[in-house]
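Visitor:
2 protein chains.
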Amino acid sequence: MTSTPGDLLALISAGGATTRSDLVKLTGLARSTVSQRIDALIERGLLEESEATESTGGRPPRHLRLATEDSAVAGVDLGVTHCRIALMDLAGQVLACVEDPIRIDEGPEVVLAHVDRRVEGLLAEAGRAKGALRAMGIGVPGPVEFATGQPNNPPIMPGWNEYPIPEYFDTTVLVDNDVNVMALGEHRNALQNVDHLLFVKVGSGIGCGIVAEGRLHRGAQGSAGDIGHIRVNGHDEAGCRCGNSACLEAVAGGTALARRLTELGIHAESGADVVALVQSGNTQAMRLVREAGRLIGEVLAGLVNFFNPDVIAIGGVMARVHEHLLAGIREAVYRRSLPLATHGLSIVPSRTGVDAAALGAGILAIEHHLSPENVNRLVASAG
Amino acid sequence: MTSTPGDLLALISAGGATTRSDLVKLTGLARSTVSQRIDALIERGLLEESEATESTGGRPPRHLRLATEDSAVAGVDLGVTHCRIALMDLAGQVLACVEDPIRIDEGPEVVLAHVDRRVEGLLAEAGRAKGALRAMGIGVPGPVEFATGQPNNPPIMPGWNEYPIPEYFDTTVLVDNDVNVMALGEHRNALQNVDHLLFVKVGSGIGCGIVAEGRLHRGAQGSAGDIGHIRVNGHDEAGCRCGNSACLEAVAGGTALARRLTELGIHAESGADVVALVQSGNTQAMRLVREAGRLIGEVLAGLVNFFNPDVIAIGGVMARVHEHLLAGIREAVYRRSLPLATHGLSIVPSRTGVDAAALGAGILAIEHHLSPENVNRLVASAG
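Protein chains in written order, with the working numbering: chain A, 20 to 402; chain B, 20 to 402.
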């Protein structure tokens with residue numbers, strides 16, 4: 020609507036303008052106003068301007084671009100047993116990354132101290148100063164109140180309930196649930212031109228990240244996408260940890276499949292064990308994964324009618340055997356969804372794979388840092 | 020992002036600016052640029068500027084506002100057996116309205132000729148010239164490709180499939196399905212401050228309009244919100260006109276309830292008959308409506324987990340007995356949805372009532388006409 024310094028930076032970083040003259044033309048601002056705003060952005064280290072390049076005549080134009088040399092963000096993917104961190108520049112390039120085993124149930128102080136040390140190490144590895152860190156995005160395996168960064172009764176994160184994660188760090192920290200950051204990572208890295216995306220994570224549990232018109236849809240309380248507890252038909256015998264029965268993840272999540280295999284006399288403790296059995300050719304495991312796909316597909320069929328997405332991407336550990344999982348999902352969706360809604364629908368395995376969450380968390384940090392509101396705040400605080 | 024004439028108009032009509040000086044301050048544009056753009060908007064009849072008012076000193080400011088005297092839009096609600104039209108000014112005030120019985124199955128030429136005559140009559144009634152009509156919004160009882168205004172295999176609109184409705188008229192016409200325009204009408208008239216709204220119409224069939232971040236979510240093919248064909252538990256015996264079985268509207272829509280009452284020996288042909296029976300104290304009809312509410316609530320419980328709305332508004336003919344319907348809906352939603360998602364959730368009867376569709380269709384037309392893209396097009400074409 021207006022042409023604040025933040026708006027000008029957004030125009031440049033989106034590739035819509037590369038010179039001061041472009042900005043004058045695009046915005047209708049006076050040249051002096053553009054110059055004043057661009058100078059402020061350069062002074063704050065957000066933009067840089069090239070030396071004059073060769074030209075066929077007249078004064079050669081100097082090109083503006085996002086300054087990426089002296090800054091960085093960290094994208095942190097916290098799982099129940101792993102911590103993956105990507106250090107990225109503001110253009111989204113990965114500078115360094117690391118993965119460690121952790122135990123989320125050791126609680127926030129232990130886990131966040133580890134994150135802090137690792138980010139410091141990655142900054143050194145990438146040759147950036149400690150003060151170069153502009154923001155951090157963290158994906159956690161449970162519900163989060165996005166506005167405060169506090170986990171909200173997370174069932175598999177003992178000790179984390181209402182812990183104010185951002186306050187632990189010296190930098191700006193955005194916290195979201197893992198499926199939301201995975202959806203963002205998948206969208207920005209592999210599906211930028213898709214308007215409406217559902218990213219379904221099939222791991223121990225089942226969750227969904229929603230992208231509508233290119234932006235994450237978090238809903239009223241930030242709990243949107245919690246599809247693991249939608250009721251499926253004909254499984255009222257299956258109790259769920261949430262207290263209800265017949266929840267999708269209680270019959271089709273990795274943990275549920277491992278339990279059913281064990282009941283059949285085949286040892287499995289986790290979704291990863293089920294995946295290994297499928298990969299080794301165990302037909303019972305294959306049958307269960309395909310059946311899980313059908314149940315997930317039944318729930319997705321309703322959501323396809325409701326939301327009408329362009330693409331459904333399937334990620335999470337169970338997606339490693341996506342040929343079996345997707346067969347079941349597609350079968351159920353095409354049987355139960357309306358033809359108009361499935362007409363242009365693609366159901367695909369996640370392309371971003373294990374990095375989706377860390378990359379998505381980094382992108383969350385970048386998009387916050389470069390948002391016009393934040394940029395204007397930075398410029399104003401410098402003045 | 021930029022400060023085009025359309026952006027300036029939007030600032031004024033949203034109440035963010037009332038004088039040229041406001042606009043200079045807000046946008047950073049040169050005063051001469053603002054003046055040039057405002058003059059163009061006034062010349063196009065989009066803005067008007069008050070005479071100078073009294074002032075305590077100096078040159079008194081002149082106030083800018085949307086020009087509403089010489090223009091109008093029409094909002095048209097086409098049902099299977101009714102046509103309701105509201106003539107509105109660009110500020111959303113209703114100038115005149117009319118309702119007639121029609122038969123949608125007489126086909127587009129007959130029905131649209133009726134609309135054309137009625138709009139002409141309403142313009143005369145409101146004392147506006149024929150040429151004052153700027154745009155028209157039409158809600159129809161079936162799926163529509165929004166971009167072209169063509170119904171897409173509408174099951175209860177014989178003869179309308181792929182008929183290019185906008186081409187029938189001399190003005191700009193936006194066509195959407197009835198539930199979307201009802202959701203928009205309800206949102207703009209009664210729930211402006213709600214970010215995420217589901218408007219559920221329970222009539223002969225069942226459908227849903229989705230408002231996300233204040234805007235209609237139409238989805239990839241424009242079919243979002245088609246919840247009438249989501250499968251409900253334990254009703255596989257109920258065949259649906261879509262070819263599947265156990266669809267929500269095949270067990271809980273007004274037509275389905277009338278049929279079940281008839282099977283019980285109580286005569287009913289339509290949802291309106293069921294409503295009349297409930298209002299006359301028929302206990303079988305009350306029981307069926309409450310049970311229908313539970314089934315609708317079961318589907319909504321899943322959608323609440325998925326979408327996390329602030330408000331669910333229930334409209335359509337069956338909502339006239341909302342005390343019975345909402346009791347069932349609330350029971351099922353609170354039993355099956357996650358606590359975080361129902362924490363701040365309101366489930367309420369529609370406040371806009373029978374006018375929601377016509378008002379919403381008019382608002383669709385206004386918002387299109389005043390969109391920065393359209394305003395800039397108008398200004399450019401005048402230049």
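In this text, a Cβ means the ideal position worked out from N, Cα and C, and glycines have one as well.
Judging by CA-CA distance, which residue of B:Leu27, B:Gly111, B:Glu68, B:Ser90 is the nearest neighbour of Gly381 of chain B?
Guide: Numbered from its first residue, the second sequence carries residue 381 of chain B at position 362. The residue with the shortest Cα to Cα distance from Gly381 of chain B is B:Gly111.
Visitor: Could you check how far apart the C-beta atoms of Ala277 of chain A and Ala287 of chain A are, in whole angstroms? I think they sit under 8 Å.
Guide: One-based indexing of the first sequence puts residue 277 of chain A at position 258. One-based indexing of the first sequence puts residue 287 of chain A at position 268. Confirmed, Cβ separation roughly 4 Å.
Visitor: What does Lys220 of chain B pair with, by DSSP beta-bridge criteria?
Guide: As a working note, residue 220 of chain B is residue 201 in the second sequence. Per DSSP, B:Gly226, B:Gly334.
Visitor: Could you tell me the boundaries of the beta strand (DSSP E) in which Asn196 of chain B lies?
Guide: Translated into positions along the second sequence, residue 196 of chain B becomes position 177. Its beta strand (DSSP E) spans residues 191-196.
Visitor: Which of the three DSSP states, helix, strand or coil, is assigned to Gly168 of chain B?
Guide: For the purposes of this step, residue 168 of chain B is taken as the residue at position 149 of the second sequence. In this structure, Gly168 of chain B counts as coil in the three-state DSSP scheme.
Visitor: Taking the straight line between their C-alpha atoms, what separation do you get for Asn172 of chain B and Leu216 of chain A?
Guide: Along the second sequence, read from residue 1 onward, the residue named residue 172 of chain B stands at position 153. Along the first sequence, read from residue 1 onward, the residue named residue 216 of chain A stands at position 197. Each residue's Cα considered, the two are about 25 Å apart.
Visitor: Along chain B, in chain order, which residues have C-beta atoms closer than 9 Å to that of Leu66 of chain A?
Guide: Numbered from 1 along the first sequence, position 47 holds the residue referred to as residue 66 of chain A. The contacting residues do not exist; Leu66 of chain A stays about 17 Å from chain B at best.
Visitor: So which residues of chain B does Asn263 of chain A contact, with C-beta pairs closer than 7 Å?
Guide: Stepping through the first sequence from its first residue, residue 263 of chain A is reached at position 244. Result: Arg355.
Visitor: Rank A:Gly98, A:Gly247, A:Arg103 by C-alpha distance to the C-alpha of Arg260 of chain A and give the top, closest one.
Guide: Walking along the first sequence from the start, residue 260 of chain A turns up at place 241. It is A:Gly247 whose Cα lies nearest to the Cα of Arg260 of chain A.
Visitor: Using three-state DSSP, classify Gly238 of chain A as helix, strand or coil.
Guide: The residue labelled residue 238 of chain A in the question sits at position 219 within the first sequence. Residue state, collapsed to three classes: coil.
Visitor: So, using beta-carbon positions, are Leu319 of chain B and Val198 of chain B closer together than 9 Å?
Guide: Within the second sequence, the letter at position 300 stands for residue 319 of chain B. Within the second sequence, the letter at position 179 stands for residue 198 of chain B. Cβ distance not < 9 Å, so Leu319 of chain B and Val198 of chain B don't count as in contact.
Visitor: Straight-line CA distance for Asp108 of chain B to Lys149 of chain A?
Guide: Along the second sequence, one-based indexing puts residue 108 of chain B at 89. Along the first sequence, one-based indexing puts residue 149 of chain A at 130. Using only the alpha carbons, I get a separation of about 59 Å.
Visitor: Listing by chain order, which chain B residues have their CB less than 9 Å from the CB of Asn393 of chain A?
Guide: In the first sequence, residue 393 of chain A corresponds to position 374, counting from 1. Neighbours of Asn393 of chain A on chain B: none; closest Cβ ~16 Å, over 9 Å.
Visitor: Could you tell me how far apart the beta carbons of Gly158 of chain B and Asn196 of chain B are, in whole angstroms, since I believe they sit closer than 8 Å?
Guide: Taking the first residue of the second sequence as 1, we reach residue 158 of chain B at position 139. Taking the first residue of the second sequence as 1, we reach residue 196 of chain B at position 177. That pair is a contact at about 7 Å.
Visitor: Below 7 Å on C-beta distance, what does Cys259 of chain B contact in chain A?
Guide: On the second sequence, position 240 is the one that residue 259 of chain B refers to. Neighbours of Cys259 of chain B on chain A: none; closest Cβ ~11 Å, over 7 Å.
Visitor: What are the residues that DSSP puts in a beta bridge with Asp96 of chain A?
Guide: Counting from 1 along the first sequence, the entry for residue 96 of chain A is found at position 77. DSSP, once it has assigned bridges, lists A:Arg103, A:Gly158 as partnering Asp96 of chain A.
Visitor: Going by DSSP in three states, Met20 of chain B sits in which element: helix, strand or coil?
Guide: Mapped onto the second sequence, residue 20 of chain B falls at position 1. In this prediction, Met20 of chain B has a pLDDT of 44, which is less than 50 and means its spatial position is unreliable; what the coordinates show is noted afterwards. In the structure shown, Met20 of chain B sits in coil (DSSP, three-state: anything other than H, G, I, E or B).
Visitor: When the Cβ atoms of the region 319-328 of chain A are set against those of the region 341-360 of chain A, are three or more pairs found closer than 8 Å?
Guide: In short, these stretches touch, since the Cβ pair count reaches three.
Visitor: Name the one or two DSSP bridge partners that Asp119 of chain A has.
Guide: As a first step, residue 119 of chain A must be located in the first sequence, where it is residue number 100. In the DSSP output, where bridge partners are listed per residue, Asp119 of chain A has A:Cys102.
Visitor: Considering just the uninterrupted stretch of the alpha helix (DSSP H) at Ile61 of chain A, what are its terminal residues?
Guide: In the first sequence, counting from the first residue as 1, residue 61 of chain A sits at position 42. Looking at the DSSP string, the run of the alpha helix (DSSP H) that includes Ile61 of chain A is 50-62.
Visitor: Please report the distance separating the alpha-carbon of Glu8 of chain A from that of Ala384 of chain A.
Guide: Absent from the structure is residue 8 of chain A, since the part of chain A shown begins at 20 and ends at 402.
Visitor: Val113 of chain B bridges to which residues according to DSSP?
Guide: For the purposes of this step, residue 113 of chain B is taken as residue 94 along the second sequence, with counting starting at 1. Bridge partners of Val113 of chain B: B:Met107.
Visitor: Tell me whether Glu68 of chain A sits in a helix, a strand or coil according to DSSP, three-state version.
Guide: As a first step, residue 68 of chain A is located in the first sequence; it is residue number 49 there, counting from the start. DSSP places Glu68 of chain A in strand when its eight states are reduced to three.
Visitor: In whole angstroms, what is the alpha-carbon distance linking Val373 of chain A and Pro183 of chain A?
Guide: As a position in the first sequence, residue 373 of chain A is number 354, starting the count at 1. As a position in the first sequence, residue 183 of chain A is number 164, starting the count at 1. In a straight line, the C-alpha of Val373 of chain A is about 27 Å away from that of Pro183 of chain A.
Visitor: Report the partner residues of Ala231 of chain A according to the DSSP bridge assignment.
Guide: For this step, residue 231 of chain A is matched to residue 212 along the first sequence. DSSP lists A:Arg234 as partners of Ala231 of chain A.
Visitor: In the DSSP assignment, the alpha helix (DSSP H) including Pro127 of chain A goes from what residue to what residue?
Guide: Counting from 1 along the first sequence, the entry for residue 127 of chain A is found at position 108. Note, Pro127 of chain A: alpha helix (DSSP H), 127-144.
Visitor: Have a look at Leu193 of chain A and Pro358 of chain B and give me their C-alpha separation to the nearest angstrom.
Guide: Residue numbering aside, residue 193 of chain A sits at position 174 when the first sequence is read from its first letter. Residue numbering aside, residue 358 of chain B sits at position 339 when the second sequence is read from its first letter. Whole-angstrom Cα-Cα distance: 24 Å.
Visitor: Assuming Asn252 of chain B contacts Asn252 of chain A (C-beta within less than 8 Å), just tell me the rounded distance between them.
Guide: For the purposes of this step, residue 252 of chain B is taken as the residue at position 233 of the second sequence. For the purposes of this step, residue 252 of chain A is taken as the residue at position 233 of the first sequence. 5 Å between Cβ atoms; contact.
Visitor: Return the chain-ordered list of same chain residues with a C-beta closer than 6 Å to the C-beta of Val119 of chain B, the five sequence neighbours on each side being excluded.
Guide: Within the second sequence, the letter at position 100 stands for residue 119 of chain B. Contrary to the premise, residue 119 of chain B reads as Asp rather than Val in this sequence. Result list for Asp119 of chain B: Cys102, in chain order.
Visitor: Would Ser51 of chain B pass as a contact of Ser22 of chain A if the rule is Cβ separation under 9 Å?
Guide: Counting from one through the second sequence, the residue named residue 51 of chain B turns up at place 32. Counting from one through the first sequence, the residue named residue 22 of chain A turns up at place 3. No, the Cβ-Cβ distance between Ser51 of chain B and Ser22 of chain A is not below 9 Å.
Visitor: Just to confirm, are Arg296 of chain A and Leu314 of chain A a CB contact at a threshold of 9 Å?
Guide: Position 277 of the first sequence, counted from the start, is the residue given in the question as residue 296 of chain A. Position 295 of the first sequence, counted from the start, is the residue given in the question as residue 314 of chain A. Just to set this straight, residue 296 of chain A is Leu in the shown sequence, not Arg. No, they are not a contact pair.
Visitor: Nearest chain B C-beta to Met20 of chain A closer than 9 Å, yes or no?
Guide: For the purposes of this step, residue 20 of chain A is identified with residue 1 of the first sequence, where counting begins at 1. Confidence at Met20 of chain A is low in this model, with a pLDDT of 44, below 50, so the placement of that residue should be treated as unreliable; the coordinate-derived value is given next. So yes, Met20 of chain A belongs to the interface.
Visitor: What does the alpha-carbon distance come out to for the pair Glu88 of chain B and Val308 of chain B?
Guide: Within the second sequence, residue 88 of chain B is the residue found at index 69, counting from 1. Within the second sequence, residue 308 of chain B is the residue found at index 289, counting from 1. Their backbone Cα atoms lie some 46 Å apart in a straight line.
Visitor: Spell out the partners DSSP gives Ala91 of chain A in its beta bridges.
Guide: As a working note, residue 91 of chain A is residue 72 in the first sequence. According to DSSP, which records beta bridges pairwise, Ala91 of chain A is partnered with A:Leu152.
Visitor: If you draw a straight line from the alpha carbon of Ala132 of chain A to that of Asp41 of chain B, how long is it in whole angstroms?
Guide: In the first sequence, the residue the question calls residue 132 of chain A occupies position 113. In the second sequence, the residue the question calls residue 41 of chain B occupies position 22. Roughly 50 Å separates the two Cα atoms.
Visitor: If contacts are defined as beta-carbon pairs under 8 Å, then Gly226 of chain A and Gly244 of chain A qualify, I think. What distance do you get, rounded to the angstrom?
Guide: On the first sequence, position 207 is the one that residue 226 of chain A refers to. On the first sequence, position 225 is the one that residue 244 of chain A refers to. Going by Cβ atoms, the distance from Gly226 of chain A to Gly244 of chain A rounds to 6 Å, so yes, they are a contact pair.
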